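Undergrad: Please read through the structure below; I'll follow up with questions.
Protein chains: 2
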Amino acid sequence: MSWKDNLIDIAPYVAGEQPDKKDFIKLNANENPYPPSPKVTEVINRFETGCLNKYPDADATPLVRAIADRLGLDCKNIFVGNGSDDVLALAFRAFFNSDKPVLYPDITYSFYPVWCSMLKIPYELIPVDEDFNINAADYKRANGGVIICNPNAPTSIGRDLSFIREILDANPDSVVICDEAYVDFGDQSALPLLKEYPNLAVIQTFSKSRSMAGMRIGFCAAGEELISALRAAKDSYNSYPVDSIAIEAGCASVADEEYFRETISRIISTRDRLTHELRTMGFDVKDSSTNFLFASHPRYKAPEISAFLKTKDIYVRFFNKPRIDNHLRITVGTDNETDALISALKEYIR
Amino acid sequence: MSWKDNLIDIAPYVAGEQPDKKDFIKLNANENPYPPSPKVTEVINRFETGCLNKYPDADATPLVRAIADRLGLDCKNIFVGNGSDDVLALAFRAFFNSDKPVLYPDITYSFYPVWCSMLKIPYELIPVDEDFNINAADYKRANGGVIICNPNAPTSIGRDLSFIREILDANPDSVVICDEAYVDFGDQSALPLLKEYPNLAVIQTFSKSRSMAGMRIGFCAAGEELISALRAAKDSYNSYPVDSIAIEAGCASVADEEYFRETISRIISTRDRLTHELRTMGFDVKDSSTNFLFASHPRYKAPEISAFLKTKDIYVRFFNKPRIDNHLRITVGTDNETDALISALKEYIR
């Protein structure tokens, strides 16, 4: 036996390509093309670093309060973490301790099976239909929890509250997580249902709609019992609190509702224009409730379109996975980036 | 079955008390009493927030390079994470995949058993001797890995390189982690041994000697195989990269060697003065290689001393645990804070 035999044996996650050059158009990570609120800049650039010698507030209390106030909830209904990935991983640990399988769609965020496997949580993939729709009726079966990404990624398809309500009504004995990473781009949030369903957890992020992917802030809104379980899980096994600057920068973002609304409406308007242009070129494009499009073309293969775009320094996301291996996931960029994308695609397809 | 039955059932970690008031002397979390380097302030206050919409560099490449350069190592020998707790948790996952127990002292950092329990890693506690010394000879037995906090916490006792070498020589078939959170305050780092021992991992933090607890930066220096295993573990199960501001602030700290040396030497000088004063008052104080003291008094009970100090708005750490429940762990503060502590103790003991 050598020490090498005890090293982890695991296939690493492959993130969207990050070319090692400048001046390329990055539409492969669903990032917001606009900077964060000027109020965020102000807070960072005036940040008094004299406090950095101290550990951060372990619960990110000021940010918890800011989010709670904005959502009309109490502080005990909010848990803040290092990006929604941190919050989701903790939620899997805190909520899904059952021998029955956790249910989620076969086409969805690729980290759900990773956390299940890490935490040895049994799970069952529920196929989405041919049009990539999630059907609530499929979630009426014995389970140890349900997680629905709504709007879903990478399909971009959002469902309304009656859909979420149907899933909740079918699952009074399971925790139901709504992963709403993209909800601010046009979908209905499940937040109004929190008062009715103590087993509902809504998870959102500052990475997309608030242009703060670089700072790692996400949160869960839920009833007091679920938030307590999240805190217990976090306190007992990790001590990666949100850092002191992120706490203040997050508060500044929440305070600037106007900028938030404005940025989202610009992205939605660009998204709708891009959807129209792609359809005109013959693409099948799902109606998007997110800041990205999910598109395929009847005559051109997705990996080949993606490869061509790379030669134009435009990076989109292609998943080499069953059912979706002829689709592209295209992040909505600025108007200029979108123009460049449209020109390149026209050149390819002409 | 209710959803409540599936919630995590775990006792939360209790951190050092954080009183909800200003104007108290906080000597209970081993924080550095001085601010980070002015270069860190400069980088933060000039940080161009326009990039925050993008995800951080997943590997914290600029900071990896800065640390590698400073230590005279290659980038492939450095892994950066969100504080050394993040790095340690990943190291447990990446290195300790064996049926044999991981060995560590019974009196040491309280998170080791937490990670073992979380990851279902068997472990064996090796008692330190009556004077709280770790004996290398005790680590010559079958194991799935060894972790030594050196200097050790909460005992403050440091051991030299021959001790680490003895442990390494006895364990050619295990990964040996040296947790060096406090090493900059006067102990010998095991870094020079990296070239000889591909199974050695040295883990350090920016939280103590670099006054950056509020930013969450830690790193591992090791041979290429261990670093690859850490990266695989991280990539495959979490996506909590170090945030974009922390990367640049960390680089600025590493660049200011002079400030780093100066701050450490101030703390060491205050530590030595405090050690002398406490001993004059009859305390038994271990020779500290850290930024804190481990002390007990033959006539006064530790919890009572701690309670008295609280009435003076001075917070030190007391552990209600077997073997150390009559000891205090006292962080070395500024000279003024130390004067206040000494006066209060004199009043109590007179």
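These protein sequence lines map, in sequence, to chains A and B.
Add 29 to the 1-based position in the first sequence for my numbering, that's all there is to it.
Add 29 to the 1-based position in the second sequence for my numbering, that's all there is to it.
Ideal Cβ positions, reconstructed from N, Cα and C, are used throughout, including at glycine.
Predicted model, so just to flag it, every value in this text is computed and none were measured.
If you drop the 5 nearest sequence neighbours on each side, which residues of the same chain put their C-beta closer than 6 Å to that of Ala242/B?
TA: Once the five neighbours on either side are set aside, the close Cβ partners of Ala242/B are Glu60 and Ser236.
Undergrad: Who are the neighbours of Asp343/A on chain B, taking C-beta pairs under 7 Å?
TA: According to the sequence provided, residue 343/A is Ile. The question's Asp does not apply to it. Those within 7 Å of Ile343/A in chain B number zero; the least Cβ separation is about 16 Å.
Undergrad: What did DSSP end up calling Lys169/A once you bin it into helix, strand or coil?
TA: Of the three classes helix, strand and coil, the one that applies to Lys169/A here is coil, per DSSP.
Undergrad: If you measure from the beta carbon of Lys375/A to each beta carbon in chain B, is any gap under 8 Å?
TA: With 8 Å as the cut-off, Lys375/A does not count as an interface residue toward chain B.
Undergrad: Cβ atoms of Phe161/A and Ile186/A: under 8 Å apart, would you say?
TA: It is a contact, given that the beta carbons lie within the stated cut-off.
Undergrad: How would you write the range of the beta strand (DSSP E) that Ser325/A sits in, first residue to last?
TA: Where Ser325/A is concerned, the enclosing beta strand (DSSP E) stretches over Phe321 to Ser325.
Undergrad: For Cys80/A versus Ser273/A, is the C-beta spacing smaller than 8 Å?
TA: Yes; because the gap between Cβ atoms is below 8 Å, this pair is in contact.
Undergrad: Which one of Arg302/B, Leu259/B, Phe76/B and Leu338/B has the shortest CA to CA distance from Ile107/B?
TA: The candidate whose alpha carbon is nearest that of Ile107/B is Leu259/B.
Undergrad: According to DSSP, simplified to helix, strand and coil, what is Tyr329/B?
TA: Tyr329/B falls in the coil class under three-state DSSP.
Undergrad: DSSP on Tyr377/A, reduced to helix/strand/coil?
TA: Helix.
Undergrad: What's the call for Ser372/B, buried or exposed, on a 16-neighbour Cβ count within 10 Å?
TA: Exposed: under 16 other Cβ atoms inside 10 Å.
Undergrad: Going straight from the alpha carbon of Tyr133/B to that of Leu154/A, what length do you get?
TA: Roughly 41 Å separates the two Cα atoms.
Undergrad: Under 8 Å between the Cβ atoms of Pro183/B and Phe323/B?
TA: Cβ atoms of Pro183/B and Phe323/B: closer than 8 Å.
Undergrad: With 16 as the cutoff for other CB atoms within 10 Å, does Pro65/B come out buried or exposed?
TA: Looking at its Cβ environment, which holds 16 or more other Cβ atoms inside 10 Å, Pro65/B is buried.
Undergrad: Which term fits Glu277/A, buried or exposed, when burial requires 16 or more other beta carbons within 10 angstroms of its beta carbon?
TA: Classification for Glu277/A: buried.
Undergrad: Can you look up Tyr288/B in the DSSP assignment and give me helix, strand or coil?
TA: Three-state result, Tyr288/B: helix.
Undergrad: Under 8 Å Cβ-Cβ, which residues of chain A neighbour Lys310/B?
TA: Strictly speaking, residue 310/B in this sequence is Met, with Lys absent from that position. In chain order: nothing, as chain A lies at least about 28 Å away.
Undergrad: Starting from Ile176/B, trace the alpha helix (DSSP H) in both directions and tell me its first and last residue.
TA: Taken as a continuous stretch (DSSP letters only), Ile176/B belongs to no alpha helix (DSSP H), being part of the beta strand (DSSP E) at Gly174 to Cys178.
Undergrad: With 8 Å set as the bound, which would you pick, yes or no: does the beta-carbon of Glu60/B sit closer than that to a beta-carbon of chain A?
TA: For Glu60/B, the answer is yes, since a Cβ of chain A falls inside 8 Å of its Cβ.
Undergrad: Pull out every residue of the segment 73-84 of chain A whose Cβ sits closer than 8 Å to any Cβ of chain B, in chain order.
TA: Answer set for the segment 73-84 of chain A: Ile73, Asn74, Arg75, Phe76, Thr78, Gly79, Cys80, Leu81, Asn82, Lys83 and Tyr84.
Undergrad: Give the straight-line distance between the Cα atoms of Phe347/B and Leu357/B, rounded to the nearest whole angstrom.
TA: Answer to the nearest angstrom: the Cα atoms are 5 Å apart.
Undergrad: Going straight from the alpha carbon of Phe140/B to that of Asn228/B, what length do you get?
TA: Cα to Cα, Phe140/B sits roughly 22 Å from Asn228/B.
Undergrad: Can you look up Lys55/B in the DSSP assignment and give me helix, strand or coil?
TA: DSSP places Lys55/B in strand when its eight states are reduced to three.
Undergrad: Can you tell which of Arg194/A, Ile246/A, Ala199/A and Val212/A has the C-alpha that lies nearest to the C-alpha of Leu223/A?
TA: The residue with the shortest Cα to Cα distance from Leu223/A is Arg194/A.
Undergrad: Just list the beta strand (DSSP E) runs in the segment 190-252 of chain A, keeping only unbroken ones of 3 residues or longer that don't cross its boundaries, in chain order.
TA: DSSP runs (the beta strand (DSSP E)) wholly in the segment 190-252 of chain A: 205-208, 229-234 and 247-251.
Undergrad: What residues from chain A crowd round Arg122/B, counting only those whose CB sits closer than 7 Å?
TA: Within chain A, the residues near Arg122/B are Ile37.
Undergrad: In chain order, what residues of the same chain have a beta carbon less than 7 Å from the beta carbon of Gln217/A, not counting five sequence neighbours either side?
TA: Same-chain partners within the cutoff: Asp189 and Leu190.
Undergrad: Using the C-alpha atoms, what's the distance from Leu220/A back to Val345/B?
TA: So the alpha carbons of these two residues sit roughly 42 Å apart.
Undergrad: Chain A partners of Arg245/B, CB-CB under 8 Å?
TA: Correct list: Pro85, Tyr269, Pro270 and Asp272.
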